[in-house]
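Residue numbers (UniProt numbering): 1 to 416.
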């Protein structure tokens, strides 16, 4: 989600998906810290305003000057008190942010009222800080407003026009403009860093959620596999043995029971391989994926066309194997496919995995939105891939679904 209007706090799209609450809290914490810093600076700025006016302006100008300073001081104290005592109420005014415009107005009006005072003019140097602590379009607008108001304050003063040459005035305004533009650049960099923090926070939340639910999901999957496969076969074998006992020496039921128990043994070995693919440790990722594809075909009667060109072992092979297993599991549950294609390649020091099917398919935009909303499974695997500086995206295909995974390989690889 993104706050609209003049809100200086922009929460990125990551805040709408899984981990969104953590992202939002991170941005709100940053905003509270920024508001406290502004409040402290405003109170210090009021003291400097008083010193500059007393030290470098005639008494005849004091009434108007101290009126502006007093109004600014009262508003600054009110803003500081509101943020310190009632931060929840203060956040409701975030969309308006009236103090941002008041800061610029106070720093520009006071030099305009203080003819020939270089100390008061020097207070314009505080404008860049208020710009740097803003984000989004507000920072750009405040930068332009600060440059324009500073130019008016200098050019409208007859003392400056008389004492300073045109080149000196132009240089002074150029310095102010450059400071404001640099502050705007700092604001943009800060916003990008916050967006990166938001992505990392969302990924961390996804991984934590996956860790918390992984055991329960694995238990459910194992229970379903045992109930729908091995348990039903054992019950059938039990019934055949019972019939054989009652059949006065008829051994056909015993033979059927023996065949069923052989099937149970095969199913249990398959479940064991999926739980801990020893072939991954013994023979590497390429052989493990081929065994996974073979097991998938045996279980679903859907052929998997494998094309594997990878002869190394890397520290992240288990991650890639887990992604392939999750994607094939999704195909079995949802795709209604007649064919599946699995390709593993090593391209430009990166390992790529492509899994495509010719099933019912799904709009890639819908898939990406469901992943960003935090559907555990694909979401957690994507978080792991991005943590390893990789990518996982859904590519357009006429029929079915095509998932492309790219994972950079580490410098140290163990040759198989």
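Even for Gly, the Cβ is constructed at its ideal location relative to N, Cα and C.
Buried versus exposed call for residue i [16 or more other C-beta atoms within 10 Å across all chains shown]
{"i": "residue 29", "result": "exposed"}
{"i": "residue 344", "result": "buried"}
{"i": "residue 223", "result": "exposed"}
{"i": "residue 166", "result": "exposed"}
{"i": "residue 381", "result": "buried"}
{"i": "residue 311", "result": "exposed"}
{"i": "residue 84", "result": "exposed"}
{"i": "residue 51", "result": "exposed"}
{"i": "residue 230", "result": "buried"}
{"i": "residue 347", "result": "exposed"}
{"i": "residue 288", "result": "buried"}
{"i": "residue 72", "result": "buried"}
{"i": "residue 245", "result": "exposed"}
{"i": "residue 403", "result": "buried"}
{"i": "residue 108", "result": "buried"}
{"i": "residue 40", "result": "exposed"}
{"i": "residue 235", "result": "exposed"}
{"i": "residue 175", "result": "exposed"}
{"i": "residue 157", "result": "buried"}
{"i": "residue 148", "result": "exposed"}
{"i": "residue 31", "result": "buried"}
{"i": "residue 405", "result": "buried"}
{"i": "residue 143", "result": "buried"}
{"i": "residue 219", "result": "exposed"}
{"i": "residue 106", "result": "buried"}
{"i": "residue 340", "result": "buried"}
{"i": "residue 267", "result": "buried"}
{"i": "residue 138", "result": "buried"}
{"i": "residue 414", "result": "Any reading at residue 414 is ruled out, since the residue's pLDDT is 40, under 50, leaving its predicted position unreliable."}
{"i": "residue 196", "result": "exposed"}
Where the alpha helix (DSSP H) containing residue i begins and where it ends
{"i": "residue 63", "result": "62-85"}
{"i": "residue 143", "result": "137-155"}
{"i": "residue 292", "result": "285-300"}
{"i": "residue 126", "result": "Careful: residue 126 lies outside any alpha helix (DSSP H) and carries neither H nor E."}
{"i": "residue 246", "result": "232-246"}
{"i": "residue 159", "result": "158-163"}
{"i": "residue 343", "result": "First-last for residue 343: 340-347, but that is the beta strand (DSSP E), not the alpha helix (DSSP H)."}
{"i": "residue 328", "result": "317-330"}
Close Cβ partners of residue i (< 6 Å) along its chain, the five nearest in sequence each way excluded
{"i": "residue 319", "result": "384"}
{"i": "residue 160", "result": "154"}
{"i": "residue 121", "result": "111"}
{"i": "residue 293", "result": "304, 306, 342"}
{"i": "residue 351", "result": "407, 409"}
{"i": "residue 257", "result": "237, 240, 241"}
{"i": "residue 178", "result": "none"}
{"i": "residue 423", "result": "This structure cannot settle anything about residue 423, because the visible part of the chain is limited to 1 through 416."}
{"i": "residue 336", "result": "359, 360"}
{"i": "residue 260", "result": "233, 236, 237"}
{"i": "residue 354", "result": "343, 404"}
{"i": "residue 328", "result": "296"}
Cβ neighbours of residue i in the same chain (closer than 8 Å, five flanking residues each side left out)
{"i": "residue 444", "result": "Because residue 444 is not part of the residues shown, which for the chain are 1 to 416, the question remains open."}
{"i": "residue 399", "result": "358, 359, 361"}
{"i": "residue 152", "result": "108, 112"}
{"i": "residue 140", "result": "184"}
{"i": "residue 164", "result": "172"}
{"i": "residue 68", "result": "106, 109, 110, 113"}
Cβ-Cβ separation, residue j to residue i (assumed contact under 8 Å), whole Å
{"i": "residue 100", "j": "residue 43", "result": "Not quite, the Cβ-Cβ distance comes to about 16 Å (not below 8 Å), so this is no contact."}
{"i": "residue 103", "j": "residue 66", "result": "Residue 103 to residue 66, Cβ: 18 Å. No contact."}
{"i": "residue 49", "j": "residue 124", "result": "Not confirmed; about 12 Å, so no contact."}
{"i": "residue 127", "j": "residue 146", "result": "4 Å"}
{"i": "residue 332", "j": "residue 300", "result": "5 Å"}
{"i": "residue 46", "j": "residue 76", "result": "6 Å"}
{"i": "residue 117", "j": "residue 34", "result": "About 30 Å; that fails the 8 Å criterion."}
{"i": "residue 61", "j": "residue 133", "result": "Going by Cβ atoms, the distance from residue 61 to residue 133 rounds to 31 Å, so no, they are not a contact pair."}
{"i": "residue 27", "j": "residue 200", "result": "Residue 27 to residue 200, Cβ: 13 Å. No contact."}
Endpoints, the beta strand (DSSP E) within which residue i is located
{"i": "residue 357", "result": "350-357"}
{"i": "residue 308", "result": "304-309"}
{"i": "residue 404", "result": "401-408"}
{"i": "residue 391", "result": "391-395"}
Distance cut-off 7 Å: residue i Cβ against heavy atoms of the ligand SAM
{"i": "residue 150", "result": "By its list of ligands, the structure shown contains no ligand whatsoever, and the ligand SAM lies outside what it can speak to."}
Chain-order list of residues whose beta-carbon lies under 7 Å from that of residue i (same chain, five-residue window excluded)
{"i": "residue 280", "result": "288, 317, 318, 321"}
{"i": "residue 180", "result": "127, 128, 131, 143, 146, 147"}
{"i": "residue 395", "result": "402, 404"}
{"i": "residue 338", "result": "302, 358"}
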